[in-house]
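Worksheet: the structure to be examined is printed underneath.
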Amino acid sequence: MEPRRDPRGALVRPYAVTRGRTEPLQNIALEAVLSCTPTQSAEARFAGHDKYRIASVCEGRAQSLAEIAAYTRMPLGVTRVLVADLVAEGLLTLHTAAPATGFAARMNLLGRVLSGLREL
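The UniProt record's numbering numbers the first residue of the sequence shown as 1 and each following residue consecutively.
The following block contains the structure:
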C-alpha cells in the first residue's frame, strides 16, 4: 500500500525561493536573451538549486526570460528575480534586445526606409 500523497504536490511559496524579494536587482525584459557558458554553469551549482536549474536551461542554448520561466516551471516573478541575481553574480550573460545608444539614429533610418517604401 502506497503512502498518501498531498494532492498539491511539493509546494514551495515563491517568497521562500526569492527570500521575500519581489523586485529584481535590474529590470530584464521578457524577450531579453540570456546564455550560460559551461564554466558559468559549473559555478552556478554553488548558488543554489533553483539558480543552477536556470543556468542549466541556458547552457549551450540562449533562452529568453519567458522561456526560462516556462522550462523551469517557476513563476515569472520568481524567475525574474533569480535571473537578475545570476546576471549580477556573473553566472548568466544578458544579451539586450536593443542598444542603449543610437536609438534616435536607428529611428531616423527606419523612417527613411519607410518613406522609400511608400515612394515605390
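Yeah, the Cβ is synthetic: ideal placement off N, Cα and C, and Gly gets one too.
Cβ separation of residue i and residue j, assumed to be a contact under 8 Å, to the nearest whole Å
{"i": "Ala88", "j": "Gln26", "result": "7 Å"}
{"i": "Val33", "j": "Ala55", "result": "At roughly 15 Å, the Cβ-Cβ gap does not stay under 8 Å, so Val33 and Ala55 are not in contact."}
Contacts around residue i, its chain only, beta-carbon distance under 7 Å, and the 5 residues preceding and following it disregarded
{"i": "Arg106", "result": "none"}
{"i": "Arg53", "result": "Thr72"}
{"i": "Pro38", "result": "Glu59"}
Residue i: first and last residue of the uninterrupted beta strand (DSSP E) it sits in
{"i": "Leu34", "result": "33–35"}
Range of the contiguous alpha helix (DSSP H) that encloses residue i
{"i": "Glu43", "result": "38–44"}
{"i": "Ala55", "result": "49–58"}
Own chain partners of residue i with C-beta closer than 8 Å, once the 5 adjacent residues on each side are dropped
{"i": "Lys51", "result": "Ala44, Leu82, Asp85, Leu86, Leu91"}
Q | Whole runs of the alpha helix (DSSP H) within the segment 64–108, excluding any shorter than 4 residues | A | The DSSP assignment places complete alpha helix (DSSP H) segments of no fewer than 4 residues inside the segment 64–108 at 65–72, 76–88, in order along the chain.
Q) Is there contact between the segment 66–81 and the segment 108–116, where contact requires at least three CB pairs shorter than 8 Å? A) no
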